[in-house]
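Take a look at the structure below.
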Amino acid sequence: MEFDAIVIGLGAMGSAASYQFAKRGARILGIDRYAPPHKLGSTHGESRITRVACGEGLEYTPLALRSNVLWREIERESAANLLTQNGFVSIAGKKRASKAGNAEFLEVTIAAAKAAGIEYEILEGREFRKRFPAFNVKDEDVIYFDRVGGFLKPEACVETQLRLARHLGAEIRLNEQALSFEETGGDVRVKTSAGVYSAKTLIVCAGPWLPELIEPKLMPGLKVTRQIVCWFRVKDSARLEDFQPDRFPPFVWQVPAEQISYGFPALGGREEGVKISTEQYDVAVDPDHMERTVAAAEQAALYEEYVAPYFPGLDRACVRSDVCLYTSVPDSRFVIDRHPDHRRVIVASPCSGHGFKHSAAIGEALAQMALGEPHLDLSAFRFAARRP
Ligand SMILES: Cc1cc2nc3c(=O)[nH]c(=O)nc-3n(C[C@H](O)[C@H](O)[C@H](O)COP(=O)(O)OP(=O)(O)OC[C@H]3O[C@@H](n4cnc5c(N)ncnc54)[C@H](O)[C@@H]3O)c2cc1C
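Here my numbering is used: the first residue of the sequence shown is 572, the next is one more, and so on.
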């Protein structure tokens, strides 16, 4: 049978795209080399920040707004709990780290909120500490706070969209690796570890394994980097309430260090800990040959530099940890575009550690693009639209 579309990779992007194709009645085949949601790519670790005002640029706002509508729609269709809008905080002082090279993250967040007409507050350190006592901000820090941000549960989002896609007739093949594709006259053929399939359109959402399927010249400087995430124990039960979602919104903090820090409220008890992390873009890895556990020395270094000075209520005991992968290009912008040499092939890589929140809308736009329907403007994310 010829499919309307084949989706390679069923993580954040591919699960969303498969669901959106299936919802439109398209004949869809989704293929993944593992069984998502899994812990080997970029879409695991309990939580992802969602923000409508994005410090990465104003071009992301329409994707975030549309995604929030879609997350709620998916929740209604599935009875799953995916999105919590308990607010978003961006903190910066004079001396500050850059998020993905952008030292103006706070200022761009404010500009994006203004442009989108989002209600927000700018708070001084003293006032912020009174309302959100777990954060040890300085009096002179500037703090942005809105109530439309929050967090998503990535594993549940992927699992739910794949379940809905199957229910709507999608064929989902797990533990099957796509090896290559070729465009023939009227279709695209995909060779996998188990067979050959053809479709009118191919969507490639292979995340950190993208370099195995597309030529490096299409995404110059593409890098896969190993990120660590740790959950630190709350020091005592009395302090746990300061880390609950109503008093501890997800945050991006441009701390006076090399990298930013970010974190989430406690989603369990004291012993389940509070997830705080940072980012690194320096050391590239091969997803098939890399260290998948977080060493005690890495946990201790994260605690000393990014946790202890800012969250006095958290203990040095790292109760859980994960390794996750960023797929980045030098300007940190997404790549969502038709392959320049194979017009039936669309590549979707929400690069650089900030793609999850937008994945519902990107999945929808991919299905619409392939089926010739109107869709959100993705021209900022073309191969040829890279920043100078
Ligand atoms: C530590 C960390 C924190 C983050 N925090 C945030 C955040 O707070 N907010 C936010 O919005 N974003 C965040 N992100 C970014 C976001 O999670 C990613 O942008 C997004 O999950 C990427 O999804 P993806 O579909 O591209 O990749 P993945 O979800 O990794 O999916 C790729 C899939 O392709 C499959 N695959 C690969 N090659 C093949 C092949 N040849 N054949 C078949 N299948 C294949 C893989 O098995 C995998 O399932 C974070 C990322 C990390 C790592």
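All C-beta atoms, glycine included, are put in the ideal place defined by N, C-alpha and C. The model shown is predicted, which means the values in this text are computed figures rather than measured ones.
Taking non-hydrogen atoms of ligand 1 into account, the C-beta of Cys801 is found less than 7 angstroms away from none of them.
Here the region 765-777 makes no contact with the region 626-636; the two share fewer than three CB pairs at distances below 8 angstroms. Between ligand 1 and Thr614, a heavy atom-to-CB distance of less than 7 angstroms is present. Using a Cβ-Cβ distance cut-off of 8 angstroms, the region 716-733 and the region 583-595 are in contact, since at least three pairs of beta carbons, one from each stretch, lie closer than that value. Across the set Asn652, Phe699 and Gly626, the C-alpha of Gly626 shows the shortest separation from the C-alpha of Ala682. The alpha carbon of Phe882 has as its nearest neighbour, out of Arg804, Ala583 and Ser923, the alpha carbon of Arg804.
Here the alpha carbon of Glu747 sits roughly 19 angstroms from the alpha carbon of Val918.
Remark: the C-beta of Pro607 is in contact range of ligand 1, defined as less than 7 angstroms to any heavy atom. Secondary structure at Ala932: helix, using DSSP grouped into helix, strand and coil. Per the coordinates, the alpha-carbon of Glu850 lies some 39 angstroms from the alpha-carbon of Gly740.
With fewer than three CB-CB distances shorter than 8 angstroms, the region 805-814 does not count as touching the region 854-874. Among the bridge pairs identified by DSSP, Asn673 is matched with Lys670.
In the three-state reduction of the DSSP assignment, Cys625 falls in the coil class, being assigned neither a helical nor a strand state.
By the neighbour-count criterion, in which a residue is buried when 16 or more other Cβ atoms sit within 10 angstroms of its Cβ, Thr755 is exposed. Of the residues Thr796, Lys724, Ala705 and Gly601, the one whose Cα lies closest to the Cα of Arg737 is Gly601. Where Ser638 is concerned, the enclosing alpha helix (DSSP H) starts and stops at Thr632 to Ser649.
Here the C-alpha atom of Asn673 lies approximately 15 angstroms from the C-alpha atom of Ala624. When secondary structure is reduced to three states using DSSP, Thr796 falls in the strand class.
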